[in-house]
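J.:
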Amino acid sequence: MRTVERFHQLGSAGNISARCDDGWLITPTDACLGRLDPADIAKVDAQGRHVSGARPSKTLELHRQIYENNADTRGIVHTHSTSLVALTLAGVWSDEDVLPPITPYYVMKVRHVPLVRYRRPGDPQVAAEIAARAASVRAVLLERPGPVVWERSVSHASCALEELEETARLWLMTTPRPAPLDQSAIDELCRTFNLRW
175 MRTVERFHQL GSAGNISARC DDGWLITPTD ACLGRLDPAD IAKVDAQGRH
225 VSGARPSKTL ELHRQIYENN ADTRGIVHTH STSLVALTLA GVWSDEDVLP
275 PITPYYVMKV RHVPLVRYRR PGDPQVAAEI AARAASVRAV LLERPGPVVW
325 ERSVSHASCA LEELEETARL WLMTTPRPAP LDQSAIDELC RTFNLRW
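Each residue of the sequence shown is one higher than the one before, starting from 175 at the first, in the working numbering.
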């Protein structure tokens, strides 16, 4: 899987889901994403009840809340990617925007990414916090575990995640910190590419 290679996913870290007409497919709990057997992919119904395959990821409720609160979402990717976890350890730009808009592609492909403060993996409060934001953003950064990105497909979510990870890497490796794009540059991007910032 490209996501595994790109973000150096080790062991059983992270999960992926895709919406189907009658529910969704989700990676099993504690699965090694680089060695998935298609027969083990968990199938759940529209209410999140396990239908077939291995036991669904412990973050099942998080995925369910995103799908319930954002009808356009067809794919969700959660990784423990190195630069984004490092960002939560080093300090984010702000709780409402973990990174400043330092590149045009961050504005175009990612937009605002709020921080969700640390809670243990699978804690239902994380799903509740994400549910409240699922319609207004396309990603959150979980403090210490890493990013959760949702989009119109798993492929689009993976692409947005790549841009988010690369922006975090740039931000962490530059000193002094780069200035964000000014509001006129962001406004021009929004007009030109019909974006919502």
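Even for Gly, the Cβ is constructed at its ideal location relative to N, Cα and C.
Roughly how many angstroms lie between the CA atoms of Gly-188 and Pro-350, to the nearest whole one?
T.: Going by the C-alpha atoms only, they are around 32 Å apart.
J.: Rounded to a whole number of angstroms, what is the C-alpha to C-alpha distance between Asp-361 and Pro-354?
T.: Computed Cα separation, rounded: 13 Å.
J.: Whose C-beta lies closer than 7 Å to the C-beta of Leu-210 among residues of the same chain, with five residues either side of it excluded?
T.: Excluding sequence neighbours, Leu-210 sits near Thr-201.
J.: Check for me: the beta strand (DSSP E) holding Cys-206 runs from which residue to which?
T.: First-last for Cys-206: undefined, no H or E at that position.
J.: What first and last residue would you give for the beta strand (DSSP E) that runs through Ile-360?
T.: Element bounds for Ile-360: not the beta strand (DSSP E) but the alpha helix (DSSP H), 357–367.
J.: According to the neighbour-count rule (16 or more other Cβ atoms, all chains shown, within 10 Å of its Cβ), is Gly-249 buried or exposed?
T.: Result: buried.
J.: Suppose the cutoff is 6 Å on Cβ atoms and the five residues either side in sequence are ignored; what does the same chain contact list for Val-323 look like?
T.: Excluding residues within five positions, the ones whose Cβ falls inside 6 Å are Val-251, Ala-313, Ala-331, Ala-334, Leu-335.
J.: Return the chain-ordered ranges of every alpha helix (DSSP H) run that is complete within the segment 267–293 and spans a minimum of 4 residues.
T.: Entirely contained in the segment 267–293, the alpha helix (DSSP H) runs reaching 4 residues are, in chain order, 278–283.
J.: By the three-class DSSP mapping on this structure, what secondary structure does His-182 have?
T.: The predicted model places His-182 with a pLDDT of 46, which falls under 50 and marks its position as unreliable, so this point remains unresolved.
J.: Within its chain, find whatever has a CB closer than 8 Å to the CB of Leu-261; leave out the 5 residues flanking it on each side and keep chain order.
T.: If we look at Leu-261 and ignore the five residues flanking it on each side, its Cβ neighbours are Val-272, Leu-273, Leu-315, Ala-342, Trp-345, Leu-346.
J.: Rounded to the nearest angstrom, what separates Asp-204 and Ser-231 at their Cα positions?
T.: If I take the Cα positions, the gap works out to 7 Å.
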